[in-house]
Ligand SMILES: [Ca+2]
Ligand SMILES: [Ca+2]
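Residue numbers (this note's numbering): 634 to 736.
(1) Kindly indicate which residue of 703, 655, 674, 676 has the alpha-carbon position closest to the one of residue 686.
(2) Beta carbon of residue 699: closer than 7 Å to some heavy atom of ligand 1?
(3) Figure out for me which residue from 699, 661, 648 has the closest Cα to the Cα of residue 668.
(4) For residue 673, is the beta carbon positioned less than 7 Å from some heavy atom of ligand 1?
(5) List the endpoints of the continuous beta strand (DSSP E) containing residue 669.
(6) By the three-class DSSP mapping on this structure, what secondary structure does residue 644 have?
(7) Compare the C-beta of residue 692 against all C-beta atoms of chain D and say whether one is closer than 8 Å.
(8) What number of angstroms, rounded off, separates the C-alpha of residue 698 from the C-alpha of residue 707?
(9) Rounded to the nearest angstrom, how far is the Cβ of residue 636 from that of residue 688, given a contact under 8 Å?
Next up, the structure:
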């Protein structure tokens, strides 16, 4: 089964266009790596929305199943020297979520 992914905030983050759930990983899940875009602008935290579109594939029990979207926040690391950062995410960090299908 293919899980199509879309990032609706391309200035903030990137994600693969899809991930594949198949015999070897459908139960454990597959890791989706979402990468923050590092800019040079003091623009504060930015929303990163990864939309999971309905599953595509031949399993009639799963096709069309729509998993919840991922709403993330990219922290801003462009700031005055005296400003505290809550998160270094924008400075090249990555985070990951697992997507799995039940049966
Ligand atoms: Ca930056
Ligand atoms: Ca920034």
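All residues carry an ideal CB built from backbone N, CA and C; glycine is no exception. None of these values were measured; they are calculated from a predicted model.
Taking the structure as given:
(1) Translated into the one-based positions of the chain shown, residue 686 becomes position 53. Taking the Cα of residue 686 as reference, the smallest distance to any Cα among 703, 655, 674, 676 is reached at 703.
(2) Position 66 of the chain shown holds residue 699. In terms of side-chain proximity, the C-beta atom of residue 699 is found no nearer than 7 Å to any non-hydrogen atom of ligand 1.
(3) On the chain shown, position 35 is the one that residue 668 refers to. Minimum Cα distance to residue 668 is reached at 648.
(4) Reading the chain shown from its first residue, position 40 is the one you call residue 673. Residue 673 has its CB nearer than 7 Å to a heavy atom of ligand 1.
(5) Stepping through the chain shown from its first residue, residue 669 is reached at position 36. According to the DSSP assignment, residue 669 belongs to the beta strand (DSSP E) that extends over 663 to 669.
(6) Locating residue 644 in the chain shown gives position 11, counting from the first residue. Three-state DSSP puts residue 644 in coil, outside helix and strand.
(7) The structure shown contains no chain D; it holds only a single protein chain.
(8) Numbered from 1 along the chain shown, position 65 holds the residue referred to as residue 698. Numbered from 1 along the chain shown, position 74 holds the residue referred to as residue 707. Distance between the alpha carbons of residue 698 and residue 707 is about 28 Å.
(9) For the purposes of this step, residue 636 is taken as residue 3 along the chain shown, with counting starting at 1. For the purposes of this step, residue 688 is taken as residue 55 along the chain shown, with counting starting at 1. The beta carbons of residue 636 and residue 688 sit about 6 Å from each other, so the pair counts as a contact at 8 Å.
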